Amino acid sequence: MGDTVERQADLPVLHELGELVDLVAGGEPLYVRWSRGPGEDLSGPASMDDLTGVPLPGLSASPLAVEPWWGDRSPRLWVARRLYDYVHLRADKGPGVGAWVLTGHEEGRGPDNEPLVGSARPVALLAPELIDEATEEVERASRSWGPLRRGGSTGR
1 MGDTVERQAD LPVLHELGEL VDLVAGGEPL YVRWSRGPGE DLSGPASMDD
51 LTGVPLPGLS ASPLAVEPWW GDRSPRLWVA RRLYDYVHLR ADKGPGVGAW
101 VLTGHEEGRG PDNEPLVGSA RPVALLAPEL IDEATEEVER ASRSWGPLRR
151 GGSTGR
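In the numbering used here, the protein residues as written are 1 to 156.
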């Protein structure tokens with residue numbers, strides 16, 4: 001899988017955005033996590049707050065479910081944007097980081113208001129070409145936006 005999460009023998013790898021959109025449409029609460037993969041994440045402690053070092057009660061992840069207010073707009077664009085908003089983590093967190101899909105129970109919210117997923121169960125790995133396809137989908141949209149990136153500046 002190149003420079004993305006390590007291949008897990010028992011997990012499917014999704015290669016096309018449409019596959020992920022179909023998975024999300026199934027209704028199970030799904031989340032995407034950017035890390036070195038479920039093997040590493042599930043073998044150690046849950047996430048930690050980067051600022052304080054405080055352990056969190058679950059894995060930090062982003063929800064994939066389409067929100068009701070999105071209405072009849074494209075679920076494909078919704079899912080693409082959920083990936084695109086955090087694509088910078090692939091580079092920021094270092095080699096071997098990629099995206100994977102998980103399910104579980106929300107145990108709370110992290111310091112950035114992200115869901116903290118407990119009893120996490122891996123569902124699929126996302127291939128780099130799927131992430132590239134999501135990026136292209138967002139870039140084709142009519143409005144300008146960018147990934148949610150915190151560059152360390154406080155804006156002062």
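From the three backbone atoms N, C-alpha and C, an ideal C-beta is built for every residue, glycine too. Computed from a prediction, not measured in an experiment: that's the story for all the values here.
If we count the other Cβ atoms within 10 Å of its Cβ and call it buried at 16 or more, is residue i buried or exposed?
i: Arg119; result: The residue you asked about is not Arg; residue 119 is Ser in the sequence shown. Answer is exposed; the Cβ neighbour count stays below 16.
i: Pro68; result: exposed
i: Gly98; result: buried
i: Ala141; result: exposed
i: Pro122; result: buried
i: Gly94; result: exposed
i: Ala91; result: exposed
i: Trp70; result: exposed
i: Asp41; result: buried
i: Gly203; result: This structure cannot settle anything about residue 203, because the visible part of the chain is limited to 1 through 156.
i: Leu51; result: exposed
Below 8 Å between beta carbons: does that hold for residue i and residue j?
i: Pro75; j: Gly108; result: no
i: Gly127; j: Val13; result: Checking the displayed sequence, the identity of residue 127 turns out to be Ala instead of Gly. For Ala127 and Val13, yes; Cβs fall inside 8 Å.
i: Glu133; j: Glu16; result: yes
i: Leu77; j: Leu30; result: no
i: Pro38; j: Leu130; result: no
i: Leu11; j: Leu89; result: no
Assuming residue i contacts residue j under a Cβ cut-off of 8 Å, what Cβ separation, rounded to an integer in Å, is found between them?
i: Val79; j: Val117; result: About 17 Å separates the two Cβ atoms, so there is no contact after all.
i: Ser35; j: Glu114; result: Incorrect: roughly 13 Å between the Cβ atoms, too far for contact.
i: Leu110; j: Ser47; result: A quick correction: the sequence has Gly, not Leu, at residue 110. Contact flag correct, Cβ pair sits at about 7 Å.
i: Val138; j: Arg81; result: 6 Å
Pairs of beta-carbons, one from the region 11 to 31 and one from the region 85 to 92, closer than 8 Å: are there three or more? no
Start-end ranges of the beta strand (DSSP E) lying completely within the region 82 to 116, minimum 3 residues: 98 to 109
Complete alpha helix (DSSP H) runs within the region 9 to 75 (minimum length 4 residues, chain order): 17 to 25, 38 to 41
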